[in-house]
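Worksheet: one structure, shown below.
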């Protein structure tokens, strides 16, 4: 029985381990949106035309617009949003530092493949959450609008220059590798977040085999996204 | 008789000089919002805390959110938004190039004083527009939400370091000077926009004395804003 009254928290939040895990998760997503905003706004400098710059600035503002609701929810859970985000800053900043795009097309591939991977991961986790939190997480990672623009631009550029396809395929693999490296750091550091995946007395969790299957789904979807761009994964 | 039916343009747009002037004005404001977005997002790097960075990123996204409605209106007037913005890129880019903030407080003062000055100017022009365009322009420049944050941060910093007040006062004067320089370039280049202020057969305009009074109002409000920050103008 986890039915919730508006303004009241579902019973599941009486478990402090669960509450801490949700605060962690929302903090990680919120800081992810802030750093995605910063990076996309920065990448606008690489845009070849003002039209492209406006497109990527629009993607940046969509990311930022999700921060407010996540912060509100963290506050409703009795935590401070900035304290909740703090543990994830280093890993996310390092991810971006290690994957600074060297040109416009690397930045488009990063926006599509990197954010897509993170979004898939959060959607996987969302399955283990109470309905309110799940809806908030799913709303925070839905990014369909920008995909057509990125796919269109990247495919046109590869058609015009085939060597670019080889370089961007390597770039996609590097993004995946760096994302996994930083995700492992976070998993090792944040017991609450790991406990969420492992489950609790009243909550289903993932055993090792299930984690393996989740990982397979994430890499499959990564390969699909690369293929959509016309790149080999 | 300039009453408008939704979806139809007011009769005043039958005058091609007026239409061109409005397209020019909306193009200038739209590019101003885009370049304000870029600059505020960039200034986020100077923010001393993540809280400050989130505040300025929020200000950046508010600026960008106004671009869409301005572009829609330019299209409704039968023009291309990117062509409409093109004539104003050089002056606005030069303004930002010549007033790149060297620290966080210069960027806050620029956001408050520079945008405030531009907004006042557009509000002055709005008085000479048809009601629909006037409402759109006024909605595009209303920036009250961010003011309290900037005033609070700048006043606290000046209280802690009085030399900062002297430096920021000079900075405010430089912003005003550079804004006037670029505004004069635009006025000299863009006949349609100047014609808007000069009026037409059926439209009231400004004579030299009225332009002088407008200039006095703009400098008075600039001084008020500086005083609000605790700075001499």
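Residue numbers (the working numbering), protein chains in the order written: chain A, 1311 to 1543; chain B, 1311 to 1543.
We put the beta carbon where it would ideally sit given N, CA and C, even for glycine.
Predicted model, so just to flag it, every value in this text is computed and none were measured.
Determine the closest residue to residue i out of the options, with distance taken between C-alpha atoms.
i	options	result
residue 1450 of chain B	B:1420, B:1457, B:1363, B:1378	B:1378
residue 1481 of chain B	B:1411, B:1509, B:1457, B:1429	B:1411
residue 1339 of chain A	A:1322, A:1323, A:1383	A:1383
residue 1368 of chain B	A:1365, A:1364, A:1373, A:1533	A:1373
residue 1346 of chain A	A:1325, A:1404, A:1323, A:1532	A:1404
residue 1509 of chain B	B:1318, B:1319, B:1329	B:1329
residue 1506 of chain A	A:1318, A:1319, A:1326, A:1375	A:1326
residue 1435 of chain B	B:1332, B:1540, B:1324	B:1332
residue 1521 of chain B	B:1467, B:1318, B:1387, B:1497	B:1497
residue 1459 of chain A	A:1385, A:1324, A:1318, A:1539	A:1539
residue 1462 of chain A	A:1429, A:1529, A:1537	A:1537
residue 1452 of chain B	B:1429, B:1466, B:1464	B:1429
residue 1442 of chain A	A:1393, A:1409, A:1527, A:1387	A:1387
residue 1437 of chain A	A:1407, A:1334, A:1514	A:1514
residue 1413 of chain A	A:1503, A:1464, A:1335, A:1483	A:1464
residue 1532 of chain A	A:1365, A:1456, A:1424	A:1424
Cβ closer than 8 Å: which chain A residues qualify as neighbours of residue i?
i	result
residue 1529 of chain B	The premise fails here: residue 1529 of chain B is roughly 32 Å from chain A at the closest Cβ pair, so nothing lies under 8 Å.
residue 1431 of chain B	Result: empty, since nearest Cβ-Cβ is about 23 Å, beyond 8 Å.
residue 1344 of chain B	1360, 1363, 1364, 1367
residue 1498 of chain B	Within 8 Å Cβ-Cβ: nothing; residue 1498 of chain B doesn't reach chain A, min ~23 Å.
residue 1401 of chain B	Within chain A, no residue comes near residue 1401 of chain B; the closest Cβ sits about 15 Å away, beyond 8 Å.
residue 1505 of chain B	None at all; the shortest Cβ gap to chain A is about 26 Å.
residue 1458 of chain B	Simply none; closest approach about 17 Å.
When burial is assigned at 16 or more other CB atoms within 10 Å of the CB, is residue i buried or exposed?
i	result
residue 1343 of chain B	buried
residue 1542 of chain B	exposed
residue 1313 of chain B	Confidence is the limiting factor: at residue 1313 of chain B the pLDDT is only 45, short of 50, which leaves the residue's position unreliable, though a coordinate-based value still follows. Exposed, since its Cβ has fewer than 16 Cβ neighbours within 10 Å.
residue 1554 of chain A	Nothing can be reported for residue 1554 of chain A: it is not among the residues displayed for chain A, which extend from 1311 to 1543.
residue 1525 of chain A	exposed
residue 1321 of chain B	exposed
residue 1391 of chain B	buried
residue 1311 of chain B	Confidence is the limiting factor: at residue 1311 of chain B the pLDDT is only 41, short of 50, which leaves the residue's position unreliable, though a coordinate-based value still follows. By the 10 Å Cβ count, residue 1311 of chain B comes out exposed.
residue 1472 of chain A	exposed
residue 1376 of chain A	buried
residue 1500 of chain A	buried
residue 1518 of chain B	exposed
Tell me the residue span of the alpha helix (DSSP H) that contains residue i.
i	result
residue 1275 of chain B	Only positions 1311 to 1543 of chain B appear in the structure, and residue 1275 of chain B is not among them; the question remains open.
residue 1438 of chain B	From DSSP, residue 1438 of chain B is part of no alpha helix (DSSP H); its letter is neither H nor E.
residue 1498 of chain B	1472–1499
residue 1338 of chain B	1326–1353
residue 1422 of chain A	From DSSP, residue 1422 of chain A is part of no alpha helix (DSSP H); its letter is neither H nor E.
residue 1531 of chain A	1518–1538
residue 1375 of chain A	1360–1375
residue 1323 of chain B	It is not in any alpha helix (DSSP H) - residue 1323 of chain B carries neither H nor E in the DSSP assignment.
residue 1513 of chain A	Residue 1513 of chain A -> no alpha helix (DSSP H), and no H or E assigned at all.
residue 1318 of chain B	Run containing residue 1318 of chain B: none; DSSP gives neither H nor E here.
residue 1413 of chain A	Neither: residue 1413 of chain A is in no alpha helix (DSSP H) and is coded neither H nor E.
residue 1403 of chain B	1391–1408
Residue i versus chain A: which residues are under 7 Å apart at the beta carbon?
i	result
residue 1371 of chain B	1371, 1374, 1375
residue 1354 of chain B	1348
Would you grab the beta carbon distance between residue i and residue j for me? Rounded to a whole angstrom, and I think it's under 8 Å.
i	j	result
residue 1348 of chain B	residue 1354 of chain A	6 Å
residue 1337 of chain B	residue 1431 of chain B	The Cβ separation is near 15 Å, so there is no contact.
residue 1360 of chain B	residue 1395 of chain A	7 Å
residue 1489 of chain A	residue 1427 of chain A	5 Å
residue 1417 of chain A	residue 1356 of chain A	6 Å
residue 1421 of chain A	residue 1350 of chain A	6 Å
Mind listing the chain B neighbours of residue i? Cutoff is C-beta to C-beta under 9 Å, in chain order.
i	result
residue 1394 of chain A	Near residue 1394 of chain A there are no residues of chain B at all, since even the closest Cβ is about 11 Å away, more than 9 Å.
residue 1389 of chain A	Within chain B, no residue comes near residue 1389 of chain A; the closest Cβ sits about 15 Å away, beyond 9 Å.
What residues of chain A sit near residue i, judged by a beta carbon separation below 9 Å?
i	result
residue 1386 of chain B	By Cβ distance, chain A contributes nothing, its closest Cβ being about 18 Å from residue 1386 of chain B, past 9 Å.
Looking at residue i and the ligand FAD, is the gap between the Cβ and the nearest heavy atom below 7 Å?
i	result
residue 1500 of chain B	You won't find the ligand FAD in this model; it holds no ligand whatsoever.
In chain B, which residues lie with their C-beta within 7 Å of the C-beta of residue i?
i	result
residue 1508 of chain A	Neighbours of residue 1508 of chain A on chain B: none; closest Cβ ~30 Å, over 7 Å.
residue 1449 of chain A	By Cβ distance, chain B contributes nothing, its closest Cβ being about 17 Å from residue 1449 of chain A, past 7 Å.
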